[in-house]
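As structure tokens, the structure follows; a few thoughts come after it.
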Ligand code: PLP
Ligand code: COI
């Protein structure tokens with residue numbers, strides 16, 4: 001099967017410069033969308049076809065669309081950053097393409113070739129490049145996704161899918177800047193089990209997390225920390241971020257057990273931390289380790305990391321049985337150093353020694 005090229009059908013009615021600038025002045029996260037989107041169809045026996053870049057518009061969905069009922073759907077998240085010379089580059093899109101393929105395999109969906117994934121993102125960014133913010137940490141967040149587009153109520157893998165990319169200008173994911181978040185250790189609800197879908201970026205994982213997120217909020221916490229589903233002891237990750245534990249010059253992130261999302265930020269930080277002279281490892285951390293090592297002062301900082309949230313310090317922890325302040329509750333030195341190094345790399349202010357930036 002051949003790879004389709006993306007046909008351009010530009011909008012005849014994009015937002016005016018003034019309207020776009022007003023949005024870019026305060027974009028928030030995931031609230032505004034650019035003028036275009038990419039759509040590529042997949043049909044059993046035919047493969048990928050009808051690749052188009054079209055004006056952003058609602059879809060018309062049949063009530064018996066299989067995704068509405070059985071949730072065969074996956075997504076990705078990556079960002080495009082304005083570089084000092086005015087050009088635009090994305091961060092590790094190949095890694096997102098590969099994770100998208102892994103999610104597709106788990107959810108019995110067709111795998112989109114890496115080149116087509118990157119070409120789709122590039123085409124949208126080039127068309128809507130005026131939407132890439134020009135200042136600071138702001139970026140253009142890309143949301144590639146795929147869902148079953150077949151109509152019917154039989155429970156089986158669909159034989160038609162739609163892949164799309166939309167884009168949304170992004171300021172801070174957590175409004176209020178780099179402010180430590182409070183977290184709730186979820187002992188009642190679990191996110192994922194070994195053999196389940198936790199390592200896939202699929203909508204159902206997020207739907208299932210919302211009741212725990214509401215529980216966290218009812219306890220005055222910003223975010224949920226998920227524990228392993230068997231012993232309810234081992235730290236896995238947060239709702240949309242991985243976690244790092246800082247022991248002086250050594251940083252540790254929960255190992256990939258198959259039930260947490262293999263974050264690209266998490267993976268990048270293992271390398272960036274070593275570049276900065278820290279020891280960086282994957283390991284196992286229990287809730288008891290967290291509390292004890294914070295009390296005895298060996299665990300100096302904890303932070304969360306992800307594409308949307310970049311690096312966010314954890315300032316306090318709560319569960320049914322315990323409640324503590326992480327360190328002094330303020331953003332830690334290692335957290336802020338890693339945050340700066342990552343953002344400097346992404347915005348072109350630090351040498352890209354690992355070839356992670358993809359210029360357009
Ligand atoms: N964990 C979950 C559940 C997520 O949704 C995300 C966001 O994509 C992450 C971790 C962080 O992954 P990444 O760094 O690739 O954005
Ligand atoms: C991301 O960081 O890209 C995420 O997917 C997190 C969240 C918005 C789901």
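Numbering (the UniProt record's numbering), first residue to last: 1 to 360.
Positions of the beta carbon are idealized from the N, C-alpha and C atoms, including for glycine.
Candidates the options: closest to residue i by CA position
i           : options            : result
residue 36  : 166, 74, 341, 47   : 166
residue 168 : 8, 128, 43, 348    : 128
residue 31  : 135, 67, 143       : 143
residue 203 : 116, 153, 72, 190  : 72
residue 196 : 62, 16, 107, 331   : 107
residue 325 : 191, 227, 347, 221 : 221
residue 312 : 182, 212, 347      : 182
residue 111 : 273, 3, 267, 234   : 3
residue 7   : 339, 336, 39, 24   : 39
residue 288 : 132, 235, 211      : 235
residue 186 : 286, 115, 131      : 286
residue 245 : 199, 188, 275, 338 : 338
residue 126 : 34, 258, 255       : 34
residue 264 : 224, 208, 199      : 199
residue 17  : 133, 148, 297      : 133
residue 248 : 270, 75, 24, 335   : 335
residue 97  : 109, 340, 116      : 116
N-terminal and C-terminal residue of the alpha helix (DSSP H) that residue i is part of
i           : result
residue 67  : 66-70
residue 269 : 264-275
residue 337 : 333-346
residue 126 : 114-127
Burial state of residue i, where buried means 16 or more other Cβ atoms lie within 10 Å
i           : result
residue 342 : buried
residue 61  : exposed
residue 214 : exposed
residue 294 : buried
residue 332 : buried
residue 398 : In this structure the chain extends from 1 to 360, so residue 398 is not present and cannot be described.
Sub-8 angstroms separation of residue i and residue j beta-carbons
i           : j           : result
residue 304 : residue 241 : yes
residue 77  : residue 309 : no
residue 318 : residue 261 : no
residue 85  : residue 360 : no
residue 42  : residue 163 : yes
residue 243 : residue 190 : no
residue 83  : residue 327 : no
residue 159 : residue 255 : no
residue 180 : residue 297 : no
Extent of the continuous beta strand (DSSP E) run through residue i
i           : result
residue 53  : 47-55
residue 290 : Note, residue 290: premise wrong, no beta strand (DSSP E); alpha helix (DSSP H) at 287-295.
residue 149 : Per DSSP, residue 149 belongs to no beta strand (DSSP E) and is neither H nor E.
residue 244 : 242-247
residue 315 : 310-318
residue 211 : Counting along the chain, residue 211 falls outside any beta strand (DSSP E), though it belongs to the alpha helix (DSSP H) covering 203-218.
residue 323 : 323-325
residue 170 : 160-170
Rounded separation between residue i and residue j - CA only
i           : j           : result
residue 29  : residue 56  : 18 angstroms
residue 51  : residue 119 : 11 angstroms
residue 283 : residue 154 : 42 angstroms
residue 89  : residue 321 : 46 angstroms
residue 11  : residue 27  : 21 angstroms
residue 355 : residue 152 : 45 angstroms
residue 136 : residue 232 : 40 angstroms
residue 250 : residue 59  : 48 angstroms
residue 81  : residue 276 : 22 angstroms
residue 216 : residue 141 : 26 angstroms
residue 353 : residue 281 : 20 angstroms
residue 299 : residue 274 : 18 angstroms
residue 22  : residue 257 : 44 angstroms
Proximity test, residue i beta-carbon vs ligand 4 heavy atom, cut-off 7 angstroms
i           : result
residue 240 : Ligand 4 is absent from the structure shown, which contains only ligand 1 and ligand 2.
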